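Visitor:
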Amino acid sequence: MRVEKPTPVQILLAWRDNKWVLSRNAVEVAAYAYRAHAMEMARRLSADAAEQGLDCYMLVKEPDGSWEERRCPRPGRDPPAG
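Residue numbers for the sequence shown follow the working numbering, so the first one is -2 and each next one is one higher.
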């Protein structure tokens, strides 16, 4: 089976139970104590998706409960996300 436009990769970075949890397509990948470490791994996951030619978006849930959706950074073309 060949799909013309594959489903985008979803990267979720969420503050849960005093740690940053990182998931890719609803599968937990890792947990980090510091946001910067979690964001670095999120960038790596988005780079992997870009290398495979897949669309990607990121959902970030902050400690205050607010959500932000953004396009994944594309290595070499987008500035780093904070």
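Backbone N, C-alpha and C define an ideal beta-carbon position, used for all residues, glycine too.
As the structure is a prediction and not an experimental result, all values here were calculated from the model.
(1) Using DSSP with H/G/I as helix, E/B as strand and the rest coil, what is residue 48?
(2) Would you report the Cα separation of residue 37 and residue 1, rounded to the nearest angstrom?
(3) Go ahead and pull the three-state DSSP assignment for residue 11.
(4) From this set, 41, 45, 12, 42, which residue's C-alpha is nearest residue 29's C-alpha?
(5) In the DSSP assignment, find the beta strand (DSSP E) that holds residue 20 and state where it starts and stops.
Guide: Based on what the coordinates show:
(1) For the purposes of this step, residue 48 is taken as residue 51 along the sequence shown, with counting starting at 1. Residue state, collapsed to three classes: helix.
(2) Counting from one through the sequence shown, the residue named residue 37 turns up at place 40. Counting from one through the sequence shown, the residue named residue 1 turns up at place 4. If you take the alpha carbons of residue 37 and residue 1, they lie about 30 Å apart.
(3) As a working mapping, residue 11 is identified with position 14 in the sequence shown. DSSP places residue 11 in the strand class (E or B) of the three-state scheme.
(4) Mapped onto the sequence shown, residue 29 falls at position 32. Looking at the Cα atoms, 12 is the closest of the given residues.
(5) In the sequence shown, counting from the first residue as 1, residue 20 sits at position 23. Per DSSP, the unbroken beta strand (DSSP E) holding residue 20 starts and ends at 16 to 21.
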